[in-house]
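Participant:
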Amino acid sequence: MIKEFLKIAAKSLRTRPMRSWLTMIGVVIGVFLIISLMSLSEGIKGAMMSQLRMMGKDLIMVFPGEINDFATTFGGGLELSEDDIKAVKKAEGVESIVPMNYKAETVRHQGKVKTVLINGVSLEDGLDVLENDFGWNLEQGRWPSLGKKEAVVGNAVPSEIFSGMKPGDEINVNGKKFRVSGILKSVGNKQDDSTITVDLDMFKDITGERKGAKMLIAKAEAGYDTERVVENIKGELFETRKRVRGQDSPSFSVLSSEKVTGIVDNILGIIQIAIIGFASIAIIVGGIGIMNTMYTSVHERIKEIGIMKAVGAKNKAITTIFLIESGFFGLFGGLGGIILGLVAAKGAELAIRATGSMYLKASITPQLVIFGLIFSFLVGCIAGYLPSRSAAKMSPVEALRYE
Amino acid sequence: MAEDILRLEDIWKIYEFGQTSLAVLKGISFSVDKGSFVAIMGPSGSGKSTLLHMIGALDTPTKGKVYIAGKDISRYSEDELAGIRGKNIGFVFQQFNLFPNLTAQENVILPMVFQKSPEKERVKRARELLFSLGLEDRIHHRPAELSGGEKQRIAIARALANDPEIIVADEPTGNLDSETGKKIMEVLRTLNKEEGKTLILVTHDPNIAKLAEKTIHIKDGKIQ
């Protein structure tokens, strides 16, 4: 029975090809938006989360400034003082701390001059954390020897900034000569791959900044609850600031790696919900298009409905015939949207990779495709429901009489 | 006495328009024997179309009873009526009322689809019917490619699809030239005579009414 109904629906769609195509395009656009934006945002989320998850669960980050004020924290030049660092170090449950610093400096290599972000990390305390928790591994060469003017460079430095750079090369950072001791494997994002890392002492030597740090990472001692240690650090910092500077409004943020992951996850989740919301509006508009077409189609076929009823069609059969037609719009519009959306997402992935700002991989999962198909089919059916019902409810006598 | 396939008992059809009401059928009673040929005649506005709707189970009376094949259908639901129309009644219309998108064979198959008969049987039956009506070359043609007589023969094949006892024909020759109309009437009479189908036919044409065993004249909603 369904087979015959499919045939009837297909024939009626083909009778008015222009209208059928236009209706379908309405759905295509909505599904296209959902699929492309979802797969890209899932890809971004996946890339960011996998980086964050590399960090050990016992890591605690300490930033100056409030975390809910990103501009002052990361752009406002706030720093943690030597006193702050000492306070963190002596907090209960802190095993070790790694002060980190960064500053953009001009770097010269074989006559080329570029501005590169220099990281200053205390390698004595922090090498372990960098390797185990941040996933920094050497591709070539070795780590800098302590006390020597040596640097490791990120993966993108020899490939894109100073092409052909190799271990043993000499570079000139802000007028000071360094030797490249090693090249890191990619850590998965372009920003970090484009930096040069030196020991904190050398960093102070280069920049002239003797004290403090932009941020620091503390590692909780085994057996301590990380969140507990976070509270301890906050307490110590609060005490210190009050005593030393007379401040009683603490302007720092202490976050466990799990918290940071959670915050990023939340933010990305909200962005995704917003994306779905906007794309859904497009689909709803597509659905209204289907409804409009279906009402027109029902109106044009009043006589046919009357004939079908006269030759024994029950209401359910009439409803089914029209629902199949609107489901068709939904399903095939959805199929078109999925194909276009996947092509667009893949294209965006390649384009972003070519510009090199991020290692983005569009997340194209079977779930997303199935979701897209089912969703668009449902939109078709829902949009077709009222028109189909109005068709089924027609009185056969009046429908037959209609000219 | 032959058993009646159709019996109407004091049929009233009253349409309400707000305050006023209009009685289109005013207490019509008659019965039709199984296998007989009955003509219904009457001027336009006499209520004969409404009467045909009652006979064809397209509509139910305001008052009175309609028995089709022994069942009182006057209080049937929409879907129950559709079942009766599908199984017990075959319609032939003046305007042919074929589906323009479907081929001759598909048009004949459609009533069988609604009765959920198996696919193989549907195709076999449709072909048999079309062959018997001399349409073997027209099976895959669409109505627009066919002459009026051919269209009406397809419509007759469609009416016969579910092998109903009753054929209800509403001015079946009204849109045909007299020669073709004669042929269509021959087909209908053969069905009545040789296959025992009960034929109920609405017509303006006294020559056609003469062929019937019984003629019901209706005027102002009453039998004359």
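These protein sequence lines are chains A and B, in that order.
Numbering that gives the first Met the number 0 numbers the first residue of the first sequence as 0 and each following residue consecutively.
Numbering that gives the first Met the number 0 numbers the first residue of the second sequence as 0 and each following residue consecutively.
From the three backbone atoms N, C-alpha and C, an ideal C-beta is built for every residue, glycine too.
Would a C-beta distance cut-off of 8 Å place Val-30(A) and Phe-328(A) closer than the cut-off?
Facilitator: Locating residue 30(A) in the first sequence gives position 31, counting from the first residue. Locating residue 328(A) in the first sequence gives position 329, counting from the first residue. Cβ distance not < 8 Å, so Val-30(A) and Phe-328(A) don't count as in contact.
Participant: So, under 8 Å CB-CB, Thr-197(B) and Ser-35(B) are touching, yes? Tell me the CB distance rounded to an integer number of Å.
Facilitator: The sequence position of residue 197(B) within the second sequence is 198, counting from 1. The sequence position of residue 35(B) within the second sequence is 36, counting from 1. Yes, Thr-197(B) and Ser-35(B) are in contact; Cβ-Cβ is about 6 Å, under 8 Å.
Participant: Can you give the Cα-Cα distance for Asp-204(A) and Asp-57(A), rounded to whole angstroms?
Facilitator: By one-based count along the first sequence, residue 204(A) stands at place 205. By one-based count along the first sequence, residue 57(A) stands at place 58. When rounded, the distance between both Cα atoms is 31 Å.
Participant: Suppose contacts are defined by Cβ-Cβ distances below 8 Å. Is Leu-200(B) in contact with Ala-168(B) by that definition?
Facilitator: Counting from one through the second sequence, the residue named residue 200(B) turns up at place 201. Counting from one through the second sequence, the residue named residue 168(B) turns up at place 169. A contact, by the Cβ cut-off of 8 Å.
Participant: In three-state terms, what does DSSP make of Ala-217(A)?
Facilitator: As a working note, residue 217(A) is residue 218 in the first sequence. Note: Ala-217(A) maps to strand in three-state DSSP.
Participant: Skipping 5 residues on each side, what residues in its chain have a beta carbon closer than 7 Å to that of His-140(B)?
Facilitator: Looking up residue 140(B) in the second sequence gives position 141. So the qualifying residues of the chain are Thr-102 and Ala-103.
Participant: Hey, how far is the Cα of Ala-143(B) from the Cα of Leu-80(B)?
Facilitator: In the second sequence, the residue the question calls residue 143(B) occupies position 144. In the second sequence, the residue the question calls residue 80(B) occupies position 81. Between Ala-143(B) and Leu-80(B), the C-alpha separation is close to 31 Å.
Participant: Between Ile-108(B) and the rest of its own chain, which residues show a CB-CB distance below 6 Å, the 5 nearest in sequence each way excluded?
Facilitator: Counting from one through the second sequence, the residue named residue 108(B) turns up at place 109. Excluding residues within five positions, the ones whose Cβ falls inside 6 Å are Arg-121 and Ala-125.
Participant: According to DSSP, simplified to helix, strand and coil, what is Pro-98(A)?
Facilitator: Taking the first sequence and counting its residues from 1, the one referred to as residue 98(A) is at position 99. DSSP places Pro-98(A) in strand when its eight states are reduced to three.
Participant: When we look at the beta-carbon of Met-0(A) and count the other beta-carbons within 10 Å, is it buried (16 or more) or exposed?
Facilitator: Numbered from its first residue, the first sequence carries residue 0(A) at position 1. The residue in question, Met-0(A), is exposed, as its Cβ has fewer than 16 Cβ neighbours within 10 Å.
Participant: Just mark Gly-286(A) as buried or exposed, buried being the case when its beta carbon has 16 or more other beta carbons within 10 Å.
Facilitator: Residue 286(A) sits at position 287 when you count from the first residue of the first sequence. Per the 10 Å Cβ criterion, buried.
Participant: For Leu-236(A), is the classification buried or exposed, using 16 other Cβ atoms within 10 angstroms of its Cβ as the cut-off for buried?
Facilitator: Stepping through the first sequence from its first residue, residue 236(A) is reached at position 237. Per the 10 Å Cβ criterion, buried.
Participant: Between the segment 384–399 of chain A and chain B, which residues of the former have a C-beta closer than 8 Å to a C-beta of the latter?
Facilitator: Going along the segment 384–399 of chain A in chain order, one finds Ser-394, Pro-395, Val-396 and Leu-399 with a Cβ nearer than 8 Å to chain B.
Participant: Per the DSSP calculation, Glu-8(B) is bridged to which residue(s)?
Facilitator: For the purposes of this step, residue 8(B) is identified with residue 9 of the second sequence, where counting begins at 1. Lys-64(B), per the DSSP bridge assignment.
Participant: Does DSSP classify Met-40(B) as helix, strand or coil?
Facilitator: If you number the second sequence from 1, residue 40(B) lands on position 41. Of the three classes helix, strand and coil, the one that applies to Met-40(B) here is strand, per DSSP.
Participant: So Asn-291(A) contacts chain B; which residues on that side make the cut at Cβ distance below 9 Å?
Facilitator: Here residue 291(A) corresponds to residue number 292 of the first sequence, with the count starting at 1. Near Asn-291(A) there are no residues of chain B at all, since even the closest Cβ is about 21 Å away, more than 9 Å.
Participant: Our contact map puts Glu-78(A) next to Asn-173(A) with C-beta atoms below 8 Å; I'd like the distance itself, whole angstroms only.
Facilitator: Residue 78(A) sits at position 79 when you count from the first residue of the first sequence. Residue 173(A) sits at position 174 when you count from the first residue of the first sequence. That pair is no contact at about 19 Å.
Participant: Output, in sequence order along the chain, the residues in the segment 303–315 of chain A whose CB is closer than 9 Å to any CB in chain B.
Facilitator: For the segment 303–315 of chain A, which is checked against every Cβ of chain B, the residues closer than 9 Å are Glu-303, Gly-305, Ile-306, Met-307, Lys-308, Ala-309, Val-310, Gly-311, Ala-312, Lys-313, Asn-314 and Lys-315.
Participant: Buried or exposed: which applies to Val-128(A), given that a residue is buried once 16 or more other Cβ atoms fall within 10 Å of its Cβ?
Facilitator: Within the first sequence, the letter at position 129 stands for residue 128(A). Burial call: buried.
Participant: So is Ser-162(A) buried or exposed if we call it buried at 16+ other beta carbons inside 10 Å?
Facilitator: The residue given as residue 162(A) occupies position 163 in the first sequence. So Ser-162(A) ends up on the exposed side.
Participant: Near Met-214(A), what residues of its chain come up, given a Cβ to Cβ distance below 6 Å and the 5 sequence neighbours on each side ignored?
Facilitator: For this step, residue 214(A) is matched to residue 215 along the first sequence. Around Met-214(A): Phe-62 and Met-99.
Participant: Please confirm whether Phe-98(B) and Glu-303(A) have their CB atoms less than 8 Å apart.
Facilitator: Reading the second sequence from its first residue, position 99 is the one you call residue 98(B). Reading the first sequence from its first residue, position 304 is the one you call residue 303(A). In this structure, Glu-303(A) lies closer than 8 Å to Phe-98(B) by Cβ.
Participant: What residues in its chain sit with their C-beta under 8 Å from that of Ile-217(B), if we drop five residues either side in the sequence?
Facilitator: The sequence position of residue 217(B) within the second sequence is 218, counting from 1. The residues are Ile-27, Ile-39, Met-40, Gly-41, Ser-45, Gly-46, Lys-47, Leu-50 and Gln-223.
Participant: DSSP beta-bridge partners for Asp-168(A)?
Facilitator: To locate residue 168(A), count along the first sequence from 1; it is residue 169. None; Asp-168(A) has no bridge partner.
Participant: Should Leu-101(B) be flagged as near chain A, meaning a C-beta pair shorter than 8 Å?
Facilitator: Counted from its first residue, the second sequence places residue 101(B) at position 102. It does: the Cβ of Leu-101(B) has a partner Cβ on chain A nearer than 8 Å.
Participant: What residues in its chain sit with their C-beta under 8 Å from that of Glu-185(B), if we drop five residues either side in the sequence?
Facilitator: Position 186 of the second sequence holds residue 185(B). None.
Participant: Is any beta-carbon of chain B found at less than 8 Å from that of Thr-14(A)?
Facilitator: For the purposes of this step, residue 14(A) is taken as residue 15 along the first sequence, with counting starting at 1. Yes, Thr-14(A) counts as interfacial toward chain B.
Participant: Short of 6 Å in beta carbon distance, which residues of its chain neighbour Phe-177(A), apart from the five on each side in sequence? Order them along the chain.
Facilitator: Working through the first sequence from its first residue, we reach residue 177(A) at position 178. Taken in chain order, the residues that qualify are Lys-148, Ala-150 and Ile-170.
Participant: Mind pulling the chain A residues with CB within less than 7 Å of Val-112(B)?
Facilitator: Against the second sequence, residue 112(B) aligns to sequence position 113. Going along chain A in sequence order, the residues near Val-112(B) (Cβ under 7 Å) are Met-0 and Glu-3.
Participant: Count the other CB atoms, across all protein chains shown, that sit within 10 Å of the CB of Gln-190(A); report buried if there are 16 or more and exposed otherwise.
Facilitator: Counted from its first residue, the first sequence places residue 190(A) at position 191. Classification of Gln-190(A): exposed, given that the 10 Å Cβ count is below 16.
Participant: Does the structure place the segment 347–354 of chain A close enough to the segment 257–275 of chain A that three or more beta carbon pairs sit under 8 Å?
Facilitator: No, they do not touch.
Participant: Listing by chain order, which chain B residues have their CB less than 7 Å from the CB of Ser-11(A)?
Facilitator: Position 12 of the first sequence, counting from 1, holds the residue named residue 11(A). The answer, in chain order, is Asn-100.
Participant: If you compare alpha carbons, which of Leu-5(B), Phe-29(B), Val-37(B) and Lys-64(B) is closest to Lys-12(B)?
Facilitator: In the second sequence, residue 12(B) corresponds to position 13, counting from 1. Comparing Cα-Cα distances from Lys-12(B) to each of Leu-5(B), Phe-29(B), Val-37(B) and Lys-64(B), the minimum goes to Lys-64(B).
Participant: Look at the Cβ atom of Gly-371(A), then the Cβ atom of Ile-337(A), and state whether they are nearer than 8 Å.
Facilitator: In the first sequence, the residue the question calls residue 371(A) occupies position 372. In the first sequence, the residue the question calls residue 337(A) occupies position 338. Yes.
Participant: I'd like to know if Leu-57(B) contacts chain A, where contact means its C-beta is closer than 8 Å to some C-beta of that chain.
Facilitator: Here residue 57(B) is taken as the residue at index 58 of the second sequence, counted from 1. Judged by the 8 Å Cβ criterion, Leu-57(B) is in contact with chain A.
Participant: Assuming Gly-311(A) and Arg-84(B) are in contact, meaning their beta carbons sit under 8 Å apart, how far apart are those beta carbons, in whole angstroms?
Facilitator: In the first sequence, the residue the question calls residue 311(A) occupies position 312. In the second sequence, the residue the question calls residue 84(B) occupies position 85. Indeed they touch by this definition, with Cβ atoms about 5 Å apart.
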